Every structure is written in C-alpha cells, then in structure tokens.
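What follows is a short report on a single structure.
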Amino acid sequence: MNANSQIAKRHTKKRTFDWFFFVIFVILFLYTASLLIPVIWTFLTSVKDNDEYTILDNILGWPSSWRWSNYATAYTNFYVPIQRNGQTYHYTMPYLFWNSILYSVGCAVAATITPCLVAYLCARYPFRFSKVVYAIVLVAMSLPIVGSLPSEIQMSKTLHFFDTFWGIWLMKANFLGIYFLVFYARFKTIPAAYSEAAKIDGASNTRVLWQVILPLAKDTLFTVFLLNFVTFWNDYQIPMVYLPSHPVAAYGMFLFQNSTVTEISYTPVKLAGILLMTLPILLISLIFSRRLMTNINVGGIKE
Amino acid sequence: MEGVRSKKRRSSRLVDKKDVLFYVALMAFPMLQFCVFYIGVNANSLFLAFKSYDIYEGTYSWVGFQNFAHIGEELTQSYTLLYALKNSLIVWVCNLVFGTFFATLFSYYIYQKRFLGVVFKFILFLPSILPVILLTTMFKFFANEAIPELAYEWTNTKIKGLLVNPDIRFWAVLFYNVWVGFGAQVLLYSGAMNQISPSVMEAADLDGASSARKFFSIVLPSILPTVGTFLLSSVAGLFMNQANLWDFYGNAVPTTENYTIGYYLYWLVNRNPSDISSYPYAAALGIACTFIALPLTYAVRKWIERWE
Numbered sequence: 187m188n189a190n191s192q193i194a195k196r197h198t199k200k201r202t203f204d205w206f207f208f209v210i211f212v213i214l215f216l217y218t219a220s221l222l223i224p225v226i227w228t229f230l231t232s233v234k235d236n237d238e239y240t241i242l243d244n245i246l247g248w249p250s251s252w253r254w255s256n257y258a259t260a261y262t263n264f265y266v267p268i269q270r271n272g273q274t275y276h277y278t279m280p281y282l283f284w285n286s287i288l289y290s291v292g293c294a295v296a297a298t299i300t301p302c303l304v305a306y307l308c309a310r311y312p313f314r315f316s317k318v319v320y321a322i323v324l325v326a327m328s329l330p331i332v333g334s335l336p337s338e339i340q341m342s343k344t345l346h347f348f349d350t351f352w353g354i355w356l357m358k359a360n361f362l363g364i365y366f367l368v369f370y371a372r373f374k375t376i377p378a379a380y381s382e383a384a385k386i387d388g389a390s391n392t393r394v395l396w397q398v399i400l401p402l403a404k405d406t407l408f409t410v411f412l413l414n415f416v417t418f419w420n421d422y423q424i425p426m427v428y429l430p431s432h433p434v435a436a437y438g439m440f441l442f443q444n445s446t447v448t449e450i451s452y453t454p455v456k457l458a459g460i461l462l463m464t465l466p467i468l469l470i471s472l473i474f475s476r477r478l479m480t481n482i483n484v485g486g487i488k489e
Numbered sequence: 088m089e090g091v092r093s094k095k096r097r098s099s100r101l102v103d104k105k106d107v108l109f110y111v112a113l114m115a116f117p118m119l120q121f122c123v124f125y126i127g128v129n130a131n132s133l134f135l136a137f138k139s140y141d142i143y144e145g146t147y148s149w150v151g152f153q154n155f156a157h158i159g160e161e162l163t164q165s166y167t168l169l170y171a172l173k174n175s176l177i178v179w180v181c182n183l184v185f186g187t188f189f190a191t192l193f194s195y196y197i198y199q200k201r202f203l204g205v206v207f208k209f210i211l212f213l214p215s216i217l218p219v220i221l222l223t224t225m226f227k228f229f230a231n232e233a234i235p236e237l238a239y240e241w242t243n244t245k246i247k248g249l250l251v252n253p254d255i256r257f258w259a260v261l262f263y264n265v266w267v268g269f270g271a272q273v274l275l276y277s278g279a280m281n282q283i284s285p286s287v288m289e290a291a292d293l294d295g296a297s298s299a300r301k302f303f304s305i306v307l308p309s310i311l312p313t314v315g316t317f318l319l320s321s322v323a324g325l326f327m328n329q330a331n332l333w334d335f336y337g338n339a340v341p342t343t344e345n346y347t348i349g350y351y352l353y354w355l356v357n358r359n360p361s362d363i364s365s366y367p368y369a370a371a372l373g374i375a376c377t378f379i380a381l382p383l384t385y386a387v388r389k390w391i392e393r394w395e
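Sequences listed follow chains A and B, in order. Using the working numbering, the first residue of the first sequence is number 187, and each one after it goes up by one. Using the working numbering, the first residue of the second sequence is number 88, and each one after it goes up by one.
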C-alpha cells in the first residue's frame, strides 16, 4: 500500500465518522427502541396466560407458556352490538372487515378520483374558472374552520346520506386539500404535446384523459389512493358518527379495548384482539411500504 | 384564403365547444359537492350558532347571541373552556417545537443516507400507517401496567399508571402525541431536502463544512418554506386537535381540566349520539374558535412570507 492510498484511506475514515451524525444516530436509536419495545411487550403479553399476568404478576417477563388460544378467544368475542328495531345484533369480525372494505375502498376512490379530475381540468384547461377553483383550494386549505361537525351531520340527515355507504362516499368526494395540489403539479409536468398529438389523431377529450393522461399519472394516482385507503381503514370516528348501523373494524377495536365483558376483560386477550385486527392493514402497509413512503413535496425549497 | 380562415375559425370554435362541454361535465359534480358540503355546511353552521334546540318540541328556534353568551359564561364560571384553550395551546407548542426539531434532525440523517437510514425511515413512518387505536391501546397498557412494574423492579417504589395518575395524566397524553407525531413530518422534510441541489452540498464539502454547519447553514434555511407550510397547517388545526383523548378515554376523560378544544367540540356532539341539543352551542363554539384562529393563521402566514 503506497503513501497516497494510506492518506486517502485515513481521509475517508475521518469523513465517515461524524460526531453530529453519531449524536443523531443515538437519538434515533433510542427513539425507535422506544417505539419497538411497547410493540414487543404487547406481542409477548398477548400470548401470556391470564392468571400468569394478573395473579402471578408476570407483567414484564417471558411467557411461561405460549397461549395462542388468547387469539381464538379474542376472535370469538370480538363483536359490535348494534340496536336496530328494538333488537340487538352482534356484528362479528368478518362483517366488520367487510364494512371496513366498503367504507375505506369507496371513500378512498371518491377522495382520490375527485381531486384528480378537478386538478386535471385546472391544469390543462386554461379557463378563467380553473383559476377560481385553484384559488378556492388554496383559501380553503388555510381557513381554520372549526366545529362544522353538527352542521355536517344535520346536512347528511337532511339529504338522507346518513348511515348509508353511498352517502359517506359522496361526502368524501371533495376536491379540497393537499392531494389536489399533488395532482395539479403532476399534470403540469406532463408535456401538452402528448394530448395535442392524440387530438390531432382524432381522439376525444375523454379518450385523451383515459388513454394518455391517466396512464402517465397512474403512479401518483395509486400512491394517493393507498394513502387515502390506509387513512380511512384506520379511522373509526367518522364511521362511528355517520355509519352507526354499519360498524367498521377500527370502531370494533375501539369498543373492544374498552369492553368490560368477562372473557375479554384481561389485558392479554385485549391485546391479542387488537393485534389480530391490525394484521390486514399491517400486511398491506408492508407490501406497499415503498409506495406509501414516497416523498411528498409541499411548500418547495428556498433557492 | 378567407374561406380557409373562416373554416379554421369554425373548427376551432367547434373544438372549444367540445372542450367546454367536457369541462362542464367533469366539473359539475365536484362543484355541486363543494357547494353542498363546504359552503352549505358552513352556512348552516353559522345559522345553527344562533339557534337553540327544544328537546321536548323537537324544534329549533332563533335565540340571537345566547350561545355566544353561554361561551362567555363558561369561560368565567366553569373554566372548562379556559382549560381546553390552555391545553390546546400546550399540545400545539410541544408538537411544533419538539416535533419539528427532531423531525428535521432525523430527516437530515435519512437524507444523507447514513447508517440504517432506510430502516429508521420505515420505523418512523409506522405510527402513521398503523391504526391509532392499536397505538393508543399499546401505549395505554404499557404506561398503566408495564411502567409501574418496571419502576417497582428498578427502584422498589410503587407508582400509579401514567394515564390514571391525575397529576401526570395530561403530560402522558402530551408525550404520546409528540412521540408518535414524527412520521409525516420526516417524510415531508426529507422530501424537501432531496430537492436541494447536490452541487450546493458538494461545494460545502469542498469548503470543509462540517455536517452540523451544513445542516444549520444550508439544509435548514433551504427547507424553511416546507417548515412554514407545516406550521401554517398546524395553526389551522390548532382547535381541531383532540390530542387522542377520545382514543384513550372515549367520552369519559376523568376531568375537564384535561380537555382540549378539539376534544370538547367532539365530545359535545358525540357524548350521546341521540342528543342533538348541544349542536347549536358546539356550532357557536366552533365559530368563536374560527374567529380566534383566523387572524392567527394570517399572522403566521405573513411571518412565513418574510422567510421566503
């Protein structure tokens, strides 16, 4: 090894160790540990025997025997009681999942397609109204409107949207918000020559949108759909208010963790039930993690 | 020649007409939805604020500023609103100060592709993907059952669960809010950092700038517009933040001293779904909060514009 390469190696070594990054690494490590330790504890507790946990006080230790039956108990007792026509109906896990699919897919489609189409029209059709719509989005985003929930509930009842899936889908089909700007930026970057060439070849506006523009923007479309889907799947407060007769899985989780029914009143069974209900969204998130973690650019940078 | 021109004009008019028809057809539904569920809902909210609901008659009647007067009474007599206002501000400031500080640092680490950066990015983003109920349940049981046990094993002292101890309950909730609030910010800031020209960073490297110097002198000033956007959206959401109180306690937060405005508004409407008598008061409170948040938002906006 000659002198120059030794100097170069030393120089590289010097550059790779950095106190600033070392400090951030330590903070990051501690932070991620603080996130993961409760997850591991939750899993270990979910397979502990109820007596071992409550009577023998094995709260922190390893389970003496792995009680996978906690998951079966949680599954059997996981239901949402709904009063209808003077009778109580128990909505079990498969039904809750089905409602979650209807709610989250429908709302995600509505909340993705609407801003996408409006952004396309604003970006590619230079009418005066397009500028008005763009201004409306910006103003609505910075207007801190608080407490419109009672009015919205009233409105949904008046229009017979309340407690129906199609009603909540229509309510979520609004173009306001950050995703309008994401789509707008995407459509602005697609060269106008593509759609002009298609039009010269005789393509209609619908065909240009369907066969030229949307395929080019399909990555953005899919990412926004996924982000919306995850948000709606995890949401329980909106379905709790607007779909009282159609409980979703997330609302089931909320009731389950507060339940006082004897079979599920123990911490291990409660945690088993919560983990069980999280599996589908965890799997989806892992499969599409790269897409979900796509960088979203808002606000730009200072040149 | 004239014939060709007029033919062209006619055809362009024809294309324009088709464009307009297409535009109107696609724009019609979103505009209708906007008129009903934005303009209509907010106008109705304004009217609702000046009404009262008679639970026996099942009818609304105009009561002028009575609901707003009730807000004044609540501020001076029961202090629920004062506590809620104070707590909302504390949650906002802590999320902003600690959240932004750590999120920018972590984003810089990920942007510079340091050791395990991708893994950290995934773990930081996990709380944004997982159901809030899973996270709050995990935190609730861990804070109420595992931490007292840990404290007993390590220090031999018995302590109450963090979320049941009245002295620290609110601070535990606050800690949770900051603790899980990094993910979205990290994505936002690392996205902005990726837009910084590599030549600027290379020039800083050649000048021998340290990582800390690059962070404070190049990266942080460059992403200020993004930080500003986040700041602006957080001000707009100041009175809507429930601080996860509903997730932890449902409609039964042990004391009104722990309320935030966002929780109080949601609680008024949902504490008993069949009782709609509190809708007018909730609407009035919402409007009052909007009038406080509006100038605040615009002041912050003006302040941000100075950075840019």
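All C-beta atoms in this analysis are idealised placements derived from N, C-alpha and C, irrespective of residue type, glycine included. Just so it is clear, the structure is predicted and the values come from calculations on it, not from any experiment.
Whether G388 of chain A touches L352 of chain B by CB criterion (7 Å): In the first sequence, residue 388 of chain A corresponds to position 202, counting from 1. In the second sequence, residue 352 of chain B corresponds to position 265, counting from 1. Their beta carbons are not under 7 Å apart, which means G388 of chain A does not touch L352 of chain B by this criterion.
Contact the region 463–476 of chain A vs the region 207–226 of chain B: 3+ CB pairs below 8 Å: yes
Within the region 415–464 of chain A, ranges of the alpha helix (DSSP H) (whole runs, at least 4 residues): 423–428 and 435–444
Residues sharing a beta bridge with D141 of chain B, DSSP: Translated into positions along the second sequence, residue 141 of chain B becomes position 54. For D141 of chain B, which the question treats as bridged, DSSP gives the partners B:T146.
Inter-stretch contact at 8 Å, needing at least 3 Cβ pairs: the region 231–248 of chain B / the region 315–332 of chain B: no
Beta carbon proximity, I126 of chain B to chain A, threshold 7 Å: Locating residue 126 of chain B in the second sequence gives position 39, where the first residue counts as 1. Cβ-Cβ to chain A under 7 Å: no for I126 of chain B.
CB contact flag (E161 of chain B, L168 of chain B, <7 Å): Looking up residue 161 of chain B in the second sequence gives position 74. Looking up residue 168 of chain B in the second sequence gives position 81. It is a contact, given that the beta carbons lie within the stated cut-off.
Contacts that W355 of chain A makes with chain B (C-beta to C-beta distance below 8 Å): By 1-based counting over the first sequence, the position of residue 355 of chain A is 169. The premise fails here: W355 of chain A is roughly 11 Å from chain B at the closest Cβ pair, so nothing lies under 8 Å.
Alpha-carbon spacing of F335 of chain B relative to F326 of chain B, whole angstroms: In the second sequence, the residue the question calls residue 335 of chain B occupies position 248. In the second sequence, the residue the question calls residue 326 of chain B occupies position 239. Going from the Cα of F335 of chain B to the Cα of F326 of chain B covers about 19 Å.
Where S298 of chain B falls, given that 16 or more other Cβ within 10 Å makes a residue buried: As a position in the second sequence, residue 298 of chain B is number 211, starting the count at 1. Its Cβ being crowded by 16 or more others within 10 Å, S298 of chain B is buried.
Interface flag, Y281 of chain A vs chain B, CB-CB below 7 Å: By one-based count along the first sequence, residue 281 of chain A stands at place 95. Chain B contact via Cβ: absent.
Inter-stretch contact (C-beta, 8 Å, three-pair minimum) for the region 371–380 of chain A and the region 337–351 of chain A: no
Segments assigned alpha helix (DSSP H), at least 4 residues, entirely inside the region 297–336 of chain B: 298–301, 311–323 and 332–336
Contained alpha helix (DSSP H) runs [length at least 4] in the region 336–383 of chain A, N- to C-terminal order: 351–358 and 364–375
Cβ pair L211 of chain B, V265 of chain B closer than 7 Å: Taking the first residue of the second sequence as 1, we reach residue 211 of chain B at position 124. Taking the first residue of the second sequence as 1, we reach residue 265 of chain B at position 178. Contact: no.
For L400 of chain A and T228 of chain A, believed in contact at Cβ under 8 Å, the rounded distance: One-based indexing of the first sequence puts residue 228 of chain A at position 42. One-based indexing of the first sequence puts residue 400 of chain A at position 214. So it is not a contact: roughly 42 Å between Cβ atoms.
Residue(s) in a DSSP beta bridge with Q269 of chain A: As a first step, residue 269 of chain A must be located in the first sequence, where it is residue number 83. According to DSSP, Q269 of chain A bridges with A:T274.
DSSP state of L108 of chain B mapped onto helix, strand, coil: In the second sequence, counting from the first residue as 1, residue 108 of chain B sits at position 21. In this structure, L108 of chain B counts as helix in the three-state DSSP scheme.
Start-to-end residues for the alpha helix (DSSP H) that takes in M279 of chain A: On the first sequence, residue 279 of chain A is found 93 positions in, with the first residue counted as 1. Taken as a continuous stretch (DSSP letters only), the alpha helix (DSSP H) holding M279 of chain A covers M279 to R310.
Short CB-CB distance (under 7 Å) between G373 of chain B and chain A: Taking the first residue of the second sequence as position 1, residue 373 of chain B is located at position 286. Output row for G373 of chain B: interface = yes.
Contacts of W227 of chain A in chain B (Cβ-Cβ under 7 Å): As a position in the first sequence, residue 227 of chain A is number 41, starting the count at 1. The contacting residues are F229 and A233.
Same chain, Cβ closer than 7 Å to Y276 of chain B, five either side skipped, listed in chain order: Reading the second sequence from its first residue, position 189 is the one you call residue 276 of chain B. Excluding residues within five positions, the ones whose Cβ falls inside 7 Å are A190, T191, S194, I310 and T313.
Same chain, Cβ closer than 7 Å to A305 of chain A, five either side skipped, listed in chain order: The count along the first sequence starts at 1 and reaches residue 305 of chain A at position 119. Closer than 7 Å at the Cβ level, and outside the excluded window around A305 of chain A, lie F366, F369, Y370 and F373.
Positions along the region 364–383 of chain A whose CB lies within less than 9 Å of some CB in chain B: I364
Cutoff 7 Å: L237 of chain A Cβ touching any chain B Cβ: One-based indexing of the first sequence puts residue 237 of chain A at position 51. Residue 237 of chain A is actually Asp in this sequence, not Leu. No, because no Cβ of chain B sits closer than 7 Å to the Cβ of D237 of chain A.
Whole runs of the alpha helix (DSSP H) within the region 234–274 of chain B, excluding any shorter than 4 residues: 234–242 and 256–266
Other residues of its chain near K104 of chain B: CB distance less than 6 Å, five sequence neighbours each side excluded: For the purposes of this step, residue 104 of chain B is identified with residue 17 of the second sequence, where counting begins at 1. Correct list: empty, nothing qualifies.
Residue environment, A219 of chain A, which counts as buried when at least 16 other CB atoms sit within 10 Å: Start at 1 with the first residue of the first sequence, and residue 219 of chain A comes out as number 33. With fewer than 16 Cβ atoms within 10 Å of its Cβ, A219 of chain A is classed as exposed.
DSSP-derived helix/strand/coil call for I331 of chain A: In the first sequence, counting from the first residue as 1, residue 331 of chain A sits at position 145. DSSP places I331 of chain A in coil when its eight states are reduced to three.
Beta carbon proximity, D204 of chain A to chain B, threshold 7 Å: Position 18 of the first sequence, counting from 1, holds the residue named residue 204 of chain A. Yes, because at least one Cβ of chain B sits closer than 7 Å to the Cβ of D204 of chain A.
Short CB-CB distance (under 7 Å) between L246 of chain A and chain B: In the first sequence, residue 246 of chain A corresponds to position 60, counting from 1. True, the Cβ-Cβ gap to chain B drops below 7 Å.
Short CB-CB distance (under 7 Å) between E338 of chain A and chain B: Start at 1 with the first residue of the first sequence, and residue 338 of chain A comes out as number 152. Taking Cβ atoms only, chain B reaches closer than 7 Å to E338 of chain A, which makes this a yes.
Rounded separation between N131 of chain B and I220 of chain B - CA only: Here residue 131 of chain B corresponds to residue number 44 of the second sequence, with the count starting at 1. Here residue 220 of chain B corresponds to residue number 133 of the second sequence, with the count starting at 1. Between N131 of chain B and I220 of chain B, the C-alpha separation is close to 32 Å.
Distance CB(L113 of chain B)-CB(L303 of chain A) smaller than 7 Å: By 1-based counting over the second sequence, the position of residue 113 of chain B is 26. By 1-based counting over the first sequence, the position of residue 303 of chain A is 117. In contact: L113 of chain B and L303 of chain A (Cβ atoms closer than 7 Å).
Interface residues of chain A facing R393 of chain B [CB-CB closer than 8 Å]: If you number the second sequence from 1, residue 393 of chain B lands on position 306. Those within 8 Å of R393 of chain B in chain A number zero; the least Cβ separation is about 12 Å.
Candidates B:F228, B:L172, B:A323 and B:F185: closest to T453 of chain A by CA position: On the first sequence, residue 453 of chain A is found 267 positions in, with the first residue counted as 1. Checked all of B:F228, B:L172, B:A323 and B:F185; the closest Cα to T453 of chain A is B:F228.
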